[in-house]
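Participant:
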Amino acid sequence: IPASMYWWCRFDGQTELQNGESLFNREEIIEWLKHKAVLQGGELTAWPKLLHGDDEMLHWVQETKRLHKKVEGHFPGASETTLAKLKLLGTDCDHEAMTGQEAFTRLMQGYMVSL
Numbered sequence: 001i002p003a004s005m006y007w008w009c010r011f012d013g014q015t016e017l018q019n020g021e022s023l024f025n026r027e028e029i030i031e032w033l034k035h036k037a038v039l040q041g042g043e044l045t046a047w048p049k050l051l052h053g054d055d056e057m058l059h060w061v062q063e064t065k066r067l068h069k070k071v072e073g074h075f076p077g078a079s080e081t082t083l084a085k086l087k088l089l090g091t092d093c094d095h096e097a098m099t100g101q102e103a104f105t106r107l108m109q110g111y112m113v114s115l
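FYI, in the UniProt record's numbering the residues of the sequence shown are 1 to 115.
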C-alpha cells in the first residue's frame, strides 16, 4: 500500500523535563525544521512561555514561519483573547477544540482546526 508519512518538529517536551535543553537543542531542531518530511512546527504545549515573552520559543515560531511552515498549537480551553494573542505570535493551527463552539471560534480567528 503506498503511503506518505509527514512529521511535526517539536520545540520542547510534552511536559517539563530535567534535561530538556539537551533533548531539544538548537542544532537538532533546525535540522528537523529543514527536513522535507516535516510540514510544521509544534505542538506548542509550552505556549504560556510564548505569551510571557520566552525568546527561545518565539525564535522557533519565527524560524518555522521563515521556512514557510505552519505552527501547530495545543490550546485546550483557551479563551478568545488567548487565541488571538497566540495567532498574532504566529500560530496557525490548533487540534484541541473540545466543542463545536470552540472549533468555530478558532476558525473565525483564522486557525486551521483538525477534528
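We put the CB at the ideal spot given by N, CA and C, even for glycine. All of these numbers come straight from a predicted model, not from anything done at the bench.
Over what stretch of residues does the alpha helix (DSSP H) that includes Gly100 continue unbroken?
Facilitator: Residues Gly100 to Met108.
Participant: Check each candidate in Leu115, Cys93, Thr91 and Gly90 and name the one with the smallest Cα separation from Thr99.
Facilitator: The option with the nearest alpha carbon to Thr99 is Leu115.
Participant: How about Leu51: is its C-beta nearer than 8 Å to some C-beta of chain B?
Facilitator: Of the chains in the structure shown, none is chain B; there is only one protein chain.
Participant: Going by C-alpha to C-alpha distance, which of Lys87, Lys36 and Asp54 sits closest to Leu67?
Facilitator: Of Lys87, Lys36 and Asp54, the residue nearest in Cα terms is Lys36.
Participant: Please return the same chain residues whose Cβ sits closer than 8 Å to the Cβ of Lys65, not counting the five positions on each side in sequence.
Facilitator: Only Val71 and Gly90 meet the Cβ criterion.
Participant: Given 8 Å as the limit, is there contact between the segment 76–90 and the segment 57–64, that is, 3 or more CB pairs closer than that?
Facilitator: The answer is yes - the segment 57–64 touches the segment 76–90, with three or more Cβ pairs under 8 Å.
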